[in-house]
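Heads up, the thing below is written out as structure tokens.
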Ligand code: UD1
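In my numbering, the protein residues as written are 195 to 611.
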């Protein structure tokens, strides 16, 4: 296991380049299954979720290799349709492979997916959507088996706007006969990016970014070279780091329009933010409480920034209520923040935070990806020394996290335990 050793209490100054979005790249890698042509993902972050997804592609018979920051995928000879349990359990996005593997090979076998342990995370909407397109699905012994002789377009109404279910259904529908309409689709920027990618492969996807996504299936999809959108959650993490530590940051390759809920909150707590042409500048002064932070699907406040925002609320003047509406058990960072001197009470899906002047260094344990990022920010802003373990969670989603933070002035190093 590895951990960060952090000496806190320094402001952050300088420029940081934001990576391509983890949650955009993962479905694009699933989409690569759909073509026998060559797919190149430019500026592909080397995070473990991406590396695991590339390994799943290799299991299916695709060749994958990095050339600099480009991930090159070639699927001319791919013929397998089974995703083994050991890999599927490493990351939840393996489930996105269902739609594309069925679309390409007419069948798929996949172990139930893993990923962050932040609640029940069912996949019923994925499976119901695929059944509507004509897939026969049986579930046994921890595996999902899918077969279909042909996919047929259909109207699918999602009970809730699930990101993964929307993407999975899109990936199967591209090879269906006729038109598919997904109602109550997720509207996240990553869905729009997937639609752009599929359109470049020769599919016709309309309405991505709205609640109604329409897909006209095609028989073959061509290879594509593509640069994914920037990671709004990594950008948000650095903005919150700045608000917690003080100083001035410039984020490059960052799209403010995908982060309006967070930027609005940060302006309310008296950060000065200027965004222009793929850059976001932030200057952090005093911190007043953000009042209420309630997570909801895009364009609401992202659940993936809830933990980081809570860490910030811990050192704001006044009280804050954080309500987590998407995932049942996404408060694993709370006991760790309390170890650092935070004053937090949890009742069900709500956390009540009374701000303290500063957090104190402590040894803490990351329980999931974003919680781990939140604890790292807490440690960087805290008085004294902290250790943040287990970095495997953080490595799933942030490339070069400690290098980027160190370049901004943070005193942080990685140590093997
Ligand atoms: C994606 C993101 C994750 C983010 C989440 C919400 C990726 C790789 N991951 O996860 O970082 O936190 O969106 O923005 O893009 N649900 C069901 N049945 C289903 C599917 C989902 O009830 O079949 C529920 C979930 O329990 C949850 C809600 O829908 O309460 C949203 O989940 P969903 O949007 O599917 O999240 P993921 O796609 O897993």
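We treat Cβ as the ideally placed atom computed from N, Cα and C, and that holds for glycine. In this text the structure is predicted, and so the values were computed from the model without any measurement.
Return the chain-ordered list of same chain residues with a C-beta closer than 6 Å to the C-beta of residue 481, the five sequence neighbours on each side being excluded. In its chain, beyond the 5 residues on either side, 463 and 510 have a beta carbon closer than 6 Å to the beta carbon of residue 481.
Below 8 Å, can you find three or more Cβ-Cβ pairs linking the region 253-265 to the region 433-453? No, they do not touch.
Residue 339: which of 605, 252, 240 and 321 sits nearest, CA to CA? Of the listed residues, the one whose Cα sits closest to residue 339 is 321.
First and last residue of the beta strand (DSSP E) that includes residue 208? 206-211 is the extent of the beta strand (DSSP E) around residue 208.
Just confirm the distance between the C-beta atoms of residue 438 and residue 499, as a whole number of angstroms; I'd bet it's less than 8 Å. No, residue 438 and residue 499 are not in contact; Cβ-Cβ is about 13 Å, not under 8 Å.
CA nearest to the CA of residue 345, picked from 328, 436, 337 and 353: Ranking 328, 436, 337 and 353 by Cα distance to residue 345 puts 328 first.
Excluding five sequence neighbours on each side, which residues of the same chain lie with their C-beta closer than 7 Å to the C-beta of residue 229? Correct list, in chain order: 269, 395, 415, 416 and 417.
Classification of residue 458 by the beta-carbon crowding that lies within 10 angstroms, buried from 16 upward: Residue 458 is exposed by the Cβ-count criterion.
Does the structure place the region 400-415 close enough to the region 426-434 that three or more beta carbon pairs sit under 8 Å? Segments in contact, no.
Near residue 526, which residues of its chain fall below 7 Å by C-beta distance, leaving aside the five closest residues on each side in sequence? Counting only Cβ-Cβ distances below 7 Å, and skipping sequence neighbours, we find 561, 562 and 565.
Just tell me which of 521, 256, 217 and 249 has its CA closest to the CA of residue 232. Checking every option, the nearest Cα to that of residue 232 belongs to 256.
With residue 424 and residue 478 assumed to form a contact (beta carbons below 8 Å), what rounded beta-carbon distance in angstroms separates them? In this structure residue 424 is not in contact with residue 478, their Cβ atoms being roughly 21 Å apart against a cut-off of 8 Å.
Could you have a look at residue 299 and say whether DSSP puts it in helix, strand or coil? In the three-state reduction of the DSSP assignment, residue 299 falls in the helix class.
Note down the Cα distance separating residue 360 from residue 607, rounded to an integer number of angstroms. Approximately 39 Å between the Cα atoms of the pair.
Tell me which residues share the same chain as residue 226 and place their Cβ nearer than 6 Å to its Cβ, disregarding the 5 neighbours each side in the sequence. For residue 226, the CB contacts under 6 Å within the same chain, skipping 5 residues up- and downstream, are 233 and 267 in chain order.
For a minimum of 3 consecutive residues, which ranges assigned as the beta strand (DSSP E) are wholly contained in the region 220-287? The qualifying runs are 232-235, 257-261 and 264-268.
How about residue 356: is its Cβ closer than 7 Å to a heavy atom in the ligand UD1? Residue 356: yes, Cβ under 7 Å from the ligand UD1.
Is residue 493 close to the ligand UD1? I mean its beta-carbon at under 7 Å from any heavy atom of the ligand. Checking the Cβ of residue 493 against the ligand UD1 gives no.
Please find out if some non-hydrogen atom of the ligand UD1 comes closer than 7 Å to the beta-carbon of residue 384. Yes, the ligand UD1 has a heavy atom inside 7 Å of this Cβ.
Residue 513 burial status per 10 Å Cβ neighbour count (16 or more: buried): So residue 513 counts as exposed.
Report buried or exposed for residue 528, applying the criterion of at least 16 other Cβ atoms within 10 angstroms of its Cβ. Around the beta carbon of residue 528, 16 or more other beta carbons sit within 10 angstroms, so the residue counts as buried.
Cβ-Cβ distance between residue 305 and residue 282 below 8 Å: It is a contact, given that the beta carbons lie within the stated cut-off.
Would DSSP call residue 436 helix, strand or coil? The answer is helix: DSSP assigns residue 436 an H, G or I state.
For residue 491, which option in 469, 578, 236 and 358 has the closest C-alpha, if you only look at C-alpha atoms? Looking from the CA of residue 491, the closest CA among 469, 578, 236 and 358 belongs to 358.
Buried or exposed, going by whether 16 or more other CB atoms sit within 10 Å of the CB of residue 284? With 16 or more neighbouring CB atoms inside 10 Å of its own CB, residue 284 falls in the buried class.
Are there 16 or more other CB atoms within 10 angstroms of the CB of residue 334, so buried, or fewer, so exposed? So residue 334 ends up on the exposed side.
Since residue 369 contacts residue 411 with CB under 8 Å, what's their CB separation in whole angstroms? Yes, they are in contact, since the Cβ atoms of residue 369 and residue 411 sit about 6 Å apart, within 8 Å.
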